[in-house]
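Visitor: The sequence shown begins at 165 in my numbering and counts up one residue at a time.
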Amino acid sequence: MISYNPKEWLSFIFYFHKGDTFRKLFWIMILIALYSAGIAYLELEYWKLSANSLVKNITVMHNMLGFVISLLLVFRTNTAYDRWWEGRKMWGALVNNSRNLAIKLSVMLTDKEDKEFFKKIIPAYASVLNLHLKMESISHELFDDKTLSQDHYKHKPNQIAKTMIQRINEMYKDGKITGDQLIVLNAEIQSFTDICGACERIKNTPIPYSYSAFIKKFIFTYVLTLPFGYVFQLGYYVIPVVVFIFYVLASLELIAEEIEDPFGNDPNDLPTQKISENIQKNVEELIY
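#1: Can you give me the C-alpha to C-alpha distance between Gly-393 and Lys-220, rounded to a whole angstrom?
#2: So within the region 317-398, which uninterrupted alpha helix (DSSP H) runs reach at least 4 residues, ignoring any that extend past its ends?
#3: Quick check on DSSP: helix, strand or coil for Glu-424?
#4: If you count every other CB in all the chains shown that lies within 10 Å of the CB of Asn-242, and 16 or more means buried, which is it?
#5: Leaving out five residues on either side along the sequence, give the residues of the same chain with a beta carbon under 8 Å from the beta carbon of Tyr-411.
#6: Can you give the Cα-Cα distance for Leu-390 and Ile-403, rounded to whole angstroms?
#7: Thinking C-alpha only, which one of Tyr-375, Leu-269, Trp-191 and Phe-378 is nearest Lys-340?
#8: Just reading off the alpha helix (DSSP H) that Leu-229 is part of, what are its end residues?
#9: Quick check: what's the CA-CA separation for Phe-288 versus Ile-423?
#10: With C-beta atoms as the reference, is Leu-450 less than 8 Å away from Ile-324?
#11: Cα separation between Val-405 and Ile-379?
#12: When the Cα of Phe-396 is compared with those of Asn-333, Asp-425 and Ser-214, which residue comes out closest?
#13: Does Asp-430 come out as helix, strand or coil in the three-state DSSP assignment?
#14: Leu-229 and Phe-427 - do their beta-carbons sit closer together than 8 Å?
#15: State whether the region 433-446 contacts the region 230-238, with contact taken as three or more CB pairs (one from each stretch) at a distance under 8 Å.
#16: Smallest Cα separation from Ala-414: which of Leu-434, Leu-388 and Asn-429?
#17: Pull up the CB-CB distance for Val-134 and Lys-320, whole angstroms please, since I reckon it's below 8 Å.
#18: Among the candidates Lys-279, Glu-334, Tyr-245 and Val-259, whose CA atom is the shortest distance from the CA of Ile-359?
#19: Can you grab the Cα-Cα spacing for the pair Gln-354 / Pro-431, in whole Å?
#20: Report the CB separation of Ile-366 from Leu-346 in whole angstroms; it is logged as a contact under 8 Å.
#21: In the DSSP assignment, find the alpha helix (DSSP H) that holds Ser-440 and state where it starts and stops.
#22: Kindly list the residues whose CB is nearer than 6 Å to the CB of Ala-201, restricted to its own chain and excluding five residues on each side of it in sequence; keep chain order.
#23: Between Glu-421 and Lys-283, is the Cβ-Cβ spacing less than 8 Å?
#24: So which of Lys-445, Ala-377 and Trp-191 has the shortest CA-CA distance to Leu-236?
#25: Mapping DSSP to helix, strand and coil, what is Trp-211?
#26: What does the alpha-carbon distance come out to for the pair Phe-384 and Val-407?
#27: What three-state label does DSSP hand Lys-279 in the structure shown?
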């Protein structure tokens with residue numbers, strides 16, 4: 165995730181970072197410019213259409229559809245941001261729940277071995293969940309003598325949650341914790357699985373294909389028809405105008421595509437790796 169100062173306007177205007185849409189759309193904008201130049205040449209030089217030509221009335225269509233495309237893009241952007249923000253809330257809840265579990269265990273437990281176990285496995289859940297959501301290969305050493313097997317469980321976060329529940333149940337049978345404490349700890353670990361499920365729902369449920377495809381086709385058609393009517397009012401200045409309009413509309417769609425899946429490796433995705441590292445620091449400070 166990109167860290168920035170929202171009050172520094174000049175850095176936003178003149179600096180193009182690697183996630184900027186201008187870089188992604190550069191060659192398409194070149195093609196749009198060439199296309200607009202071709203339409204302008206044909207209408208002004210080759211066909212020599214007059215300013216009274218009915219072709220100029222195409223701008224009426226753009227005026228009518230401009231409001232519609234604005235509503236679509238606003239809805240698209242808001243929907244994508246809601247998914248991004250919900251993902252951030254889930255990871256914020258994971259931070260708090262990890263702290264709460266660590267605080268309770270640090271007070272309830274007296275056995276050093278049990279404390280070392282949870283001191284390693286609680287941060288491991290966040291680290292493995294991060295890799296799980298990014299669909300990356302997981303071979304995470306939880307302990308010096310134990311490694312998550314690639315063949316045992318495909319769902320590694322579930323494996324870690326099950327391991328924690330087993331250890332807590334063993335401590336209850338051994339009389340290290342009471343029944344009331346077992347219930348409290350069980351609820352804390354259950355919240356980890358709830359957070360994992362919510363993140364998987366965001367990850368595995370993208371915006372419906374037909375909706376996304378329609379917006380792209382709408383933007384493409386809208387932009388390609390712009391030069392036909394506006395060339396009579398702008399002349400060859402229609403070229404930069406059309407390119408700029410395409411840049412604005414397409415950029416909104418690209419931004420929505422990027423943030424609707426907040427668990428990837430794009431520049432504007434959530435810093436889940438950093439959050440995992442912070443959880444590890446917090447747990448190590450609490451359990452000693």
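Using N, Cα and C, we set each Cβ at its ideal position, and we do this for glycine too.
Guide: In brief:
#1: Translated into the one-based positions of the sequence shown, residue 393 becomes position 229. Translated into the one-based positions of the sequence shown, residue 220 becomes position 56. One C-alpha to the other measures close to 4 Å.
#2: 320-337, 343-368, 373-388 and 390-398
#3: Here residue 424 refers to the residue found at position 260 of the sequence shown. Three-state result, Glu-424: coil.
#4: For the purposes of this step, residue 242 is taken as the residue at position 78 of the sequence shown. Counting other Cβ atoms within 10 Å of its Cβ, Asn-242 stays below 16 and is therefore classed as exposed.
#5: Counting from one through the sequence shown, the residue named residue 411 turns up at place 247. Thr-185, Phe-186, Leu-189 and Met-193, listed in sequence order.
#6: On the sequence shown, position 226 is the one that residue 390 refers to. On the sequence shown, position 239 is the one that residue 403 refers to. C-alpha separation (whole angstroms): 10 Å.
#7: In the sequence shown, counting from the first residue as 1, residue 340 sits at position 176. Closest by alpha carbon: Leu-269.
#8: Within the sequence shown, numbered from 1, the residue matching residue 229 stands at position 65. Here the alpha helix (DSSP H) through Leu-229 covers 222-272.
#9: Residue numbering aside, residue 288 sits at position 124 when the sequence shown is read from its first letter. Residue numbering aside, residue 423 sits at position 259 when the sequence shown is read from its first letter. Looking at the sequence itself, residue 288 is Ala, so the reference to Phe does not match. Spanning the two alpha carbons is a distance of roughly 26 Å.
#10: Looking up residue 450 in the sequence shown gives position 286. Looking up residue 324 in the sequence shown gives position 160. No, Cβ-Cβ distance for Leu-450 and Ile-324 is not below 8 Å.
#11: Translated into positions along the sequence shown, residue 405 becomes position 241. Translated into positions along the sequence shown, residue 379 becomes position 215. Distance between the alpha carbons of Val-405 and Ile-379 is about 21 Å.
#12: In the sequence shown, counting from the first residue as 1, residue 396 sits at position 232. Of the listed residues, the one whose Cα sits closest to Phe-396 is Ser-214.
#13: Stepping through the sequence shown from its first residue, residue 430 is reached at position 266. DSSP places Asp-430 in coil when its eight states are reduced to three.
#14: The residue labelled residue 427 in the question sits at position 263 within the sequence shown. The residue labelled residue 229 in the question sits at position 65 within the sequence shown. Result no, Cβ atoms of Phe-427 and Leu-229 do not sit closer than 8 Å.
#15: Inter-segment contact for the region 433-446 and the region 230-238 is absent: fewer than three beta-carbon pairs are separated by less than 8 Å.
#16: Along the sequence shown, read from residue 1 onward, the residue named residue 414 stands at position 250. Checking every option, the nearest Cα to that of Ala-414 belongs to Leu-388.
#17: This structure leaves residue 134 out entirely; the chain is present only between 165 and 452.
#18: Walking along the sequence shown from the start, residue 359 turns up at place 195. Of Lys-279, Glu-334, Tyr-245 and Val-259, the residue nearest in Cα terms is Val-259.
#19: One-based indexing of the sequence shown puts residue 354 at position 190. One-based indexing of the sequence shown puts residue 431 at position 267. So the alpha carbons of these two residues sit roughly 31 Å apart.
#20: The residue labelled residue 366 in the question sits at position 202 within the sequence shown. The residue labelled residue 346 in the question sits at position 182 within the sequence shown. Contact flag wrong, Cβ pair sits at about 31 Å.
#21: By one-based count along the sequence shown, residue 440 stands at place 276. From DSSP, the alpha helix (DSSP H) with Ser-440 extends over 436-450.
#22: Indexing the sequence shown from 1 puts residue 201 at position 37. These residues qualify, in order along the chain: Ile-403.
#23: Translated into positions along the sequence shown, residue 421 becomes position 257. Translated into positions along the sequence shown, residue 283 becomes position 119. It is not a contact, given that the beta carbons lie outside the stated cut-off.
#24: Reading the sequence shown from its first residue, position 72 is the one you call residue 236. For the residues Lys-445, Ala-377 and Trp-191, the minimum Cα distance to Leu-236 belongs to Ala-377.
#25: Here residue 211 refers to the residue found at position 47 when the sequence shown is read from its first residue. In the structure shown, Trp-211 sits in coil (DSSP, three-state: anything other than H, G, I, E or B).
#26: Within the sequence shown, residue 384 is the residue found at index 220, counting from 1. Within the sequence shown, residue 407 is the residue found at index 243, counting from 1. The straight-line gap separating the alpha-carbon atoms of Phe-384 and Val-407 is approximately 12 Å.
#27: One-based indexing of the sequence shown puts residue 279 at position 115. It is helical.
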